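Okay, so here's the structure we're looking at.
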Amino acid sequence: MLRLYTYFRSSAAYRVRIALNLKGLAYEAVPVHLLRDGGEQNLPAYRALSPLGTVPALQTGARH
Ligand SMILES: N[C@@H](CCC(=O)N[C@@H](CS)C(=O)NCC(=O)O)C(=O)O
62 MLRLYTYFRS SAAYRVRIAL NLKGLAYEAV PVHLLRDGGE QNLPAYRALS
112 PLGTVPALQT GARH
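Residues 62 to 125 (our numbering) make up the sequence shown, in order.
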């Protein structure tokens with residue numbers, strides 16, 4: 062299943078949520094809090110999958 066790393070107040074993230082919903086694509090939403098503890102987007106685990114440290118990030122499972 063698609064996995065969307067998202068933040069509820071992010072306009073960039075909600076545009077992707079709108080597109081996924083219009084396409085009827087199921088996805089798991091994983092919250093990334095941009096303010097808590099200096100921003101969860103700066104945690105090494107998140108930077109490993111999104112080096113720029115921004116949301117959204119869409120994981121498709123097709124990693125090569
Ligand atoms: N052009 C990028 C913009 C992403 C972006 O700037 N996201 C903001 C939230 S709307 C963000 O993650 N900010 C966190 C930060 O800069 O630390 C995209 O559409 O993916």
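Ideal Cβ positions, reconstructed from N, Cα and C, are used throughout, including at glycine. Nothing here was measured: the structure is a model prediction, and the numbers come from that model.
Residue j beta carbon less than 8 angstroms from that of residue i
{"i": "Tyr68", "j": "Val91", "result": "no"}
{"i": "Val116", "j": "Leu83", "result": "no"}
{"i": "Arg64", "j": "Glu101", "result": "no"}
{"i": "Leu104", "j": "Gln120", "result": "no"}
Environment of residue i [buried if 16+ CB atoms lie within 10 Å]
{"i": "Ala74", "result": "buried"}
{"i": "Ala106", "result": "exposed"}
{"i": "Ala118", "result": "buried"}
Residue i, DSSP secondary structure in three states
{"i": "Ala118", "result": "strand"}
{"i": "Val77", "result": "helix"}
{"i": "Leu83", "result": "helix"}
{"i": "Leu104", "result": "coil"}
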